[in-house]
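Quick note: to get the numbering used here, add 82 to the position in the sequence shown (first position is 1). Just below is one structure, and these are the notes that go with it.
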Amino acid sequence: MAFRRKFRPRKKVCRFCQDNELNLDYKNIELLQDFVTARGKIIARRITGTCAKHQRQLTREIKRARQMALLYYTTTHSTEVKKKTI
Ligand SMILES: [Zn+2]
Numbered sequence: 083m084a085f086r087r088k089f090r091p092r093k094k095v096c097r098f099c100q101d102n103e104l105n106l107d108y109k110n111i112e113l114l115q116d117f118v119t120a121r122g123k124i125i126a127r128r129i130t131g132t133c134a135k136h137q138r139q140l141t142r143e144i145k146r147a148r149q150m151a152l153l154y155y156t157t158t159h160s161t162e163v164k165k166k167t168i
């Protein structure tokens, strides 16, 4: 009978609290993408383990990044689509 080591529930630590060098900024796309799904949705805090304070900052930066069109941002401009199809 194999003795399977029980996986320890790893303590979720906020990445930004853990690493002060981590630059939470809308220009830091590579970092932001870790907290965003492929479709551009922000990943829930309970999954990433980010603390409330940093999640709020993160959300703000992601939104800013979207405005800068640096992140995937799926918007369907119905009027534009209509124009194109006609
Ligand atoms: Zn934090």
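Backbone N, C-alpha and C fix where the C-beta goes; we use that ideal spot for every residue, glycine too. Small disclaimer: the values here were computed from a predicted structure and weren't measured.
- Taken in chain order, the complete alpha helix (DSSP H) segments of 4 or more residues contained in the stretch 91-119 are 97-100, 111-115.
- Comparing C-alpha distances from I129 to each of E103, R146, K135, V118 shows the shortest one belongs to V118.
- In terms of side-chain proximity, the C-beta atom of K94 is found no nearer than 7 Å to any non-hydrogen atom of ligand 1.
- For T141, the Cβ stays outside the 7 Å cut-off from all heavy atoms of ligand 1.
- DSSP places I124 within a strand segment (E or B) once states are collapsed to three.
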